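Asker: Residue numbers (this note's numbering): 24 to 244. Built from N, CA and C at the ideal position, the CB exists for glycine as well. As the structure is a computational prediction, the values presented were derived from the model and not from experiment. To start, I am sharing the structure in question, which I have written as structure tokens.
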């Protein structure tokens, strides 16, 4: 399965202390736009969360990039923002060389892609289905489920899709553990379109990003 390298960073300049809430939100939006300008999406981690995997202070970010040139472009743009705001520039880390080299995770969105007539998106799963999904993976989890934020700009889709996502992290030192996660997504998350309308689910395999397709769709991927 094709994979792209992930890069991590914490932006210590993104803190609420000393900034009004509107000003903080403007800065966060600028960083998100920089990420979307280089990558097809990103995962945003709250300050103080998962600091063993993405070390540092401030908001944390994970982005999958296709080339070293993209990583250099992202680093350049982040440094430019840091200069404008007079804060320390974030250091971009290749995830497979950092603390996440022994961990993998999957991201499952809280909401479906489908937009209801009210303009809102429906819940992806019922509480009962969420309980079943978690029950199938909880023996493998290295920590409680984390809730993170992400935005994605899939190819062929005009709008950016924002999501709150459940992050299921497992310790992984071999391809076998990553195969377990892939099978977990295919057999426990996908359900033939009955409730899950996702085209693909994001799997991070020790710092390498993959998109897991529903088994019946793989021939058309």
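1. Does the beta-carbon of residue 227 have 16 or more other beta-carbons within 10 angstroms, so that it is buried, or is it exposed?
2. Whole angstroms is fine: what's the gap from residue 104's alpha carbon to residue 54's?
3. Of all the alpha helix (DSSP H) runs that stay within the bounds of the region 71–158, which reach a length of 4 or more residues?
4. Could you give the DSSP three-state label for residue 201: helix, strand or coil?
5. Should the region 59–66 be called in touch with the region 81–99, which here means at least 3 C-beta pairs below 8 angstroms?
6. Over what stretch of residues does the alpha helix (DSSP H) that includes residue 176 continue unbroken?
7. Please report how far the alpha carbon of residue 117 lies from the alpha carbon of residue 219, in whole angstroms.
8. Under 8 angstroms between the Cβ atoms of residue 229 and residue 195?
Answerer: Let me lay it out:
1. Within a 10 Å sphere around the beta-carbon of residue 227 sit 16 or more other beta-carbons, which makes this residue buried.
2. Residue 104 and residue 54: Cα-Cα distance of roughly 8 angstroms.
3. 91–108
4. helix
5. yes
6. Careful: residue 176 lies outside any alpha helix (DSSP H) and carries neither H nor E.
7. 31 angstroms
8. Contact flag set, yes.
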